[in-house]
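In my numbering, the protein residues as written are 370 to 464. Just below is one structure, and these are the notes that go with it.
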Amino acid sequence: MRIYTRTGDQGQTMLFGGPRVDKDVARVEAYGTVDELNAVLGLVRAEPLSADVDQLLARIQGELFEVGAEIASPDPVAQGTRTIGPHHVAALESH
Numbered sequence: 370m371r372i373y374t375r376t377g378d379q380g381q382t383m384l385f386g387g388p389r390v391d392k393d394v395a396r397v398e399a400y401g402t403v404d405e406l407n408a409v410l411g412l413v414r415a416e417p418l419s420a421d422v423d424q425l426l427a428r429i430q431g432e433l434f435e436v437g438a439e440i441a442s443p444d445p446v447a448q449g450t451r452t453i454g455p456h457h458v459a460a461l462e463s464h
């Protein structure tokens with residue numbers, strides 16, 4: 370299995386669905402930050418936790434994954450990505 374695309378970097382990355390964008394655009398920074406938070410939550414979950422806390426963190430990780438997918442999608446509806454609304458944000462903030 371190859372782990373490279375042979376398309377070079379040139380300071381760009383590909384969004385979900387194909388368009389290339391510069392790596393320094395706010396969208397790429399945002400989904401990178403969401404991914405980083407999700408990774409930290411994974412590290413926390415690797416430690417001994419109560420079942421309730423682990424379940425909550427697992428749910429938050431799933432929600433963050435969906436947020437990252439929407440941010441990385443130029444047209445989330447066309448690509449079948451669930452769109453995140455204000456009620457999703459409020460739910461995440463309530464934890």
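Note that CB positions come from ideal geometry on N, CA and C, so glycine has one too. Just so it is clear, the structure is predicted and the values come from calculations on it, not from any experiment.
{"Check": "What do you get for G380, buried or exposed, if any count of 16 or more other CB atoms within 10 angstroms of its CB means buried?", "Outcome": "exposed"}
{"Check": "Take the Cβ of E398 as the centre, count every other Cβ of all protein chains shown within 10 Å, and call the residue buried at 16 or more, exposed below.", "Outcome": "exposed"}
{"Check": "Assuming E462 and I453 form a contact by the criterion Cβ under 8 Å, report the distance between their Cβ atoms to the nearest whole angstrom.", "Outcome": "About 12 Å; that fails the 8 Å criterion."}
{"Check": "Have a look at the DSSP bridge pairing and note the partners of V394.", "Outcome": "Partner(s): none; V394 has no beta bridge."}
{"Check": "Tell me the DSSP secondary structure of T402 in three-state form.", "Outcome": "helix"}
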